[in-house]
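Have a look at the structure below, then the notes.
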Amino acid sequence: MGVYEILIHPEKCVGCRICQLSCSFLYNGKYLPAFSRIELHDIYELTPKIEFSEDCIKCGHCARHCLYGALEIIEVNEN
Amino acid sequence: MNWYGYTGKILEINLSDEKISSTGEDLKDVKKFLGGMGMNFFLGAERLKPRTNPLSPDNIIVLGTGPMVGTIMPGASRTSGFSKFPATGAVASVCGGMSFGFHLKQAGYDHIILSGKADKPKYLYIFDDHIDLVNADKIWGLDIVETTNLMWRKYDDCGVIAIGQAGENLVFGAITLIDKTSTLGRGGLGAIMGSKNLKAIVVKGSKGIEIANPKQFNKLYDSFIDRVRKYPHRDSWIELGMLRSLPVGMILNAKGEKKKARQCSDRNYLKNIKFRRIGCPSCPMADKDILEIREGKFEGLLNYTSSIINPFLMFTSDGLSSYDRAIKIFDVISRYGLDSLTITSLFDFISRMIDQGSLTNKDLGFEWKKDYNTYEHLIEIITYRNGIGNILADGWKEITRLKANLEEEMLTIKGLDVVFEPRFLKLGTMEFEQVVNPKGAHVASGGSPTYVGAGGGIEKMKSHFNRMGIPESAVDRLFRPPKKEMNINVGRLTRYSEDWYTILTSFGLCARAQMNRFYSLELVTSFYNAITGLNLKVDEIRLAAERSWNLMKLMNVKEGFSRQDDAFPKNWFTPLKYGENKLEFYDFYGNVKINRDIAKQLLDDYYDERGWDKENGTPSTHKLKELGLTRYLL
């Protein structure tokens, strides 16, 4: 699994949570956004806040699932 | 047992004695009714006594999601509601989007059942196993937006169903909003919550959803998303949202109002109205709106809506002269928890009655003008039940209390104003289903390839029929209409539109055209089996949908509904004056003028296709036996 830089474009986020769902399923084996490594706040407010938790390893899984361009993946280190 | 997709749990709350219990679902019931809407019917039928007063403590509210909600399944976010509705007296299902269902599943529940009445205003807070009925004295009287914002500030990430002042004051048509955006409860769910002293339901969770066969699911998911990404119109759907499905300017142009039509253009929407796009959980085709008025008297106003079409449809009314006024009025309506479709119809109705002298200013108690201020006044007096507002708040059926003989002039079905007008849109299943559904005129469950003129030629129709899982043996009958030139039999097709809607809504899937187009019965059955591991066959899913619909119908037969309630509005058989145009009632392809004989034949065909008794328009004993529903006859 590679390590990536992930650029966040909160203005493109629609609040679909697909990033959280995909992350939590990969690392927890269930769809559990509360334990996702990508944190969403105020998703239906004017500007959503998107942050990565401390245990996020920047695997890029969430960004690959994002359908709205809110997460942009930039490869920095291919292992 | 291990539940996959489903949580297997139902939360029951009696608001009168605050008894709270969590019970397990029975697998055999789940297989029979699927979830969401279907299971709501089952749970409701087991508990709701016929002839219950909708606004009494004996009425119940069942909220349900579906086995796919809470997962990444594309478009799975629906919350279904069941109750007996005051506007119509029907036992019915309502449905909405946004995040309530998602959070409910995360909290560990497939359904909530609410009964009784709280002794004073309360809101229900659910966080996993922690359930609390919280004093709502301080928020009673707030509007839906204020209430939802307050809950989001207090509980952070959560789903909220709230009522506004209209619900509190038991306005028969009051609705609720999910996350201050998605409408839930046409026909009076807001009033039912109000009658129970229940201001809001707030839910969040941290339990998560497991699925049975991740490998199979991921394969299906990747292929599905690949189709979505490659869909050539996806970008324009995301850009325009629901404006892409119904260009309201077309309606205004037909009315001869070109200046207003321009204000509903894609260009004006994008340049002056759209703030940003939001979407429901797991949705790849987000279409909800945050709107902003950027100039003029209402500069700075922000409005959340499930569809830009809602405020734009209000704009078709003669009382509103500019788009910003329409959005402002729509925002007021949304905050109070009124139904914008009903208020628009009511405004137009009163205007017409004043024009033709059937109503006078004296009858109303104030001077009627076709303007913004009158609109605002109408909304205020209905919400707070002032003056004649107290009569109007009791719904269309009570308007004759205002003045006799108005009933003939109303364009309603079973007490709700017509949403899909066939003299403008032609007679598709959306239009026809309003007549046969006990819940009366409504938006959702008649969707089919005939939606707003879509569908195209016969071959395309056939491919959609196949997608919806219509049995091969029925297809020939669908092409045998009362008159050959009509090409399709909308009466017979409506049965399958309802069943397809039931399947989607029981799974928790979105039925809007832009998502619906990616689903087929075969595909959603494969997804269902990968998620739940229950390995149901296509035929079993189809039968479960039919069983659910028949149970809903049977409940309404017990409420007193029969064929005579399935009446086409008389006005449909007379021309509709629309600007300079006179529009008449034609079949879907516009080839045959629909008269009463054809309408009767279409009703006969609908009942026949359902296997129901044609004379009474009710499920036959044979059909109920076939579906295992005979015990509900008692």
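Those protein sequence lines, which keep their order, are chains A and B.
Numbering that gives the first Met the number 0 puts the first residue of the first sequence at 0, with every later residue one more than the last.
Numbering that gives the first Met the number 0 puts the first residue of the second sequence at 0, with every later residue one more than the last.
A virtual CB, placed ideally from N, CA and C, is assigned to each residue, including glycine.
Option nearest B/Ile237 by Cα separation, candidates B/Val202, B/Asn436, B/Asn590, B/Arg275: Of B/Val202, B/Asn436, B/Asn590, B/Arg275, the residue nearest in Cα terms is B/Arg275.
Where B/Pro437 falls, given that 16 or more other Cβ within 10 Å makes a residue buried: Burial state of B/Pro437 is buried, judged by a 10 Å Cβ sphere holding 16 or more other Cβ atoms.
Interface positions of the segment 23–34 of chain A facing chain B (Cβ-Cβ less than 8 Å), listed along the chain: Listed by position, the residues of the segment 23–34 of chain A near chain B (Cβ gap below 8 Å) are Ser23, Phe24, Asn27, Gly28, Lys29, Tyr30, Leu31, Pro32, Ala33, Phe34.
B/Asp586 (DSSP reduced to helix, strand or coil): Per DSSP, reduced to three states, the secondary structure at B/Asp586 is strand.
Cβ neighbours of B/Asp136 in the same chain (closer than 6 Å, five flanking residues each side left out): Around B/Asp136: Pro120.
C-beta neighbour in chain A for B/Pro66, strict 8 Å: When Cβ-Cβ separations below 8 Å define contact, B/Pro66 makes no contact with chain A.
Which listed residue (A/Ala62, A/Tyr30, A/Glu4, A/Arg16) has its alpha carbon closest to that of B/Ser205: Ranking A/Ala62, A/Tyr30, A/Glu4, A/Arg16 by Cα distance to B/Ser205 puts A/Tyr30 first.
Spatial neighbours of B/Ala598 in its chain, beta-carbon cut-off 7 Å, leaving aside the 5 residues before and after: For B/Ala598, same chain residues with a beta-carbon under 7 Å away, outside a window of 5 residues either side, are Phe567 in chain order.
Where A/Glu16 sits in the DSSP three-state scheme: Correcting the residue type first, residue 16 of chain A is Arg in the shown sequence and not Glu. Assigned with DSSP and collapsed to three states, A/Arg16 falls in coil, not helix or strand.
Between the CA atoms of B/Pro618 and B/Arg609 - distance to the nearest angstrom: If I take the Cα positions, the gap works out to 8 Å.
Proximal residues to A/Glu50 (C-beta, below 7 Å), its chain only, five neighbours per side dropped: Counting only residues of its own chain and dropping the five nearest sequence neighbours on each side, A/Glu50 has a CB closer than 7 Å to the CB of Glu38.
Alpha helix (DSSP H) segments (min. 4 residues) lying fully within the segment 358–411 of chain B: List check, alpha helix (DSSP H) in window: 360–363, 371–382, 388–391.
Neighbourhood of A/Ser35 by C-beta distance below 7 Å, restricted to the same chain and skipping five residues each side: Excluding residues up to 5 positions away in sequence, Gln19, Cys22, Ser23 lie with their Cβ nearer than 7 Å to the Cβ of A/Ser35 in the same chain.
For B/Ile349, three-class secondary structure by DSSP: In this structure, DSSP gives B/Ile349 a helical state, which the three-state scheme calls helix.
Counterpart residues of A/His40 in DSSP-defined beta bridges: For A/His40, which the question treats as bridged, DSSP gives the partners A/Lys48.
is_contact[A/Leu70, chain B] using C-beta, thresh 8 Å: No - not a single Cβ of chain B is within 8 Å of the one on A/Leu70.
Exposed unless 16 or more other CB atoms sit within 10 angstroms - verdict on B/Pro470: Counting the other CB atoms within 10 Å of its CB gives B/Pro470 a total below 16, which places it among the exposed residues.
Enclosing beta strand (DSSP E) for B/Val202 [first to last residue]: Note, B/Val202: beta strand (DSSP E), 197–203.
Contained beta strand (DSSP E) runs [length at least 3] in the segment 275–333 of chain B, N- to C-terminal order: As far as the segment 275–333 of chain B is concerned, its whole beta strand (DSSP E) runs of at least 3 residues are 287–291, 301–304.
Neighbourhood of B/Thr493 by C-beta distance below 7 Å, restricted to the same chain and skipping five residues each side: Listed in chain order, the non-local C-beta contacts of B/Thr493 below 7 Å within the same chain comprise Thr428, Phe431, Glu432, Val435, Gly445, Tyr605, local neighbours out to five positions each way being set aside.
B/Val442: first and last residue of the uninterrupted alpha helix (DSSP H) it sits in: Counting along the chain, B/Val442 sits inside no alpha helix (DSSP H), nor does DSSP assign it H or E at all.
Check whether B/Ile160 and B/Ala199 have beta carbons under 8 Å apart: Cβ distance < 8 Å, so B/Ile160 and B/Ala199 count as in contact.
Cβ-Cβ distance between A/Lys48 and A/Pro9 below 8 Å: Yes, Cβ-Cβ distance for A/Lys48 and A/Pro9 is below 8 Å.
Residues sharing a beta bridge with B/Ser82, DSSP: B/Ala91, per the DSSP bridge assignment.
Cross-chain neighbours of A/Val13 in chain B, by beta carbon under 7 Å: Within chain B, the C-beta atoms nearer than 7 Å to that of A/Val13 come from Arg276, Ile277, Gly278, Ala285, in chain order.
Helix, strand or coil at B/Asn134 according to DSSP, with G and I counted as helix: In this structure, B/Asn134 counts as strand in the three-state DSSP scheme.
CB contact below 8 Å: A/Ile49 versus chain B: It does not; no Cβ of chain B falls within 8 Å.
Residue burial classification, B/Gln262 (beta-carbon count within 10 angstroms, cutoff 16): Result: buried.
Local Cβ density within 10 Å of B/Ser339, reported as buried at 16 or more and exposed below that: Buried, since its Cβ has 16 or more Cβ neighbours within 10 Å.
Nearest-angstrom Cα separation, counted from B/Pro49 out to B/Ser114: One C-alpha to the other measures close to 15 Å.
Contacts around B/Asp142, its chain only, beta-carbon distance under 7 Å, and the 5 residues preceding and following it disregarded: So the list reads Gly163, Gln164, Arg334, Tyr335, once near-sequence residues are dropped.
Paired residues, beta bridge with B/Phe126 - DSSP: Answer is B/His129, B/Lys203.
Inter-residue spacing [alpha-carbon to alpha-carbon] between B/Leu426 and B/Phe587: Cα to Cα, the separation comes out at about 5 Å.
Min CB distance A/Cys10 to chain B below 8 Å: The residue you asked about is not Cys; residue 10 of chain A is Glu in the sequence shown. Taking 8 Å as the threshold, the shortest C-beta distance from A/Glu10 to chain B falls below it.
Of the residues A/Tyr67, A/Glu4, A/Gly14, the one placed nearest A/Leu45, counting alpha carbons only: It is A/Gly14 whose Cα lies nearest to the Cα of A/Leu45.
B/Gly439 versus B/Phe40, B/Lys581, B/Thr87, B/Met36, residue with shortest Cα-Cα distance: Comparing Cα-Cα distances from B/Gly439 to each of B/Phe40, B/Lys581, B/Thr87, B/Met36, the minimum goes to B/Thr87.
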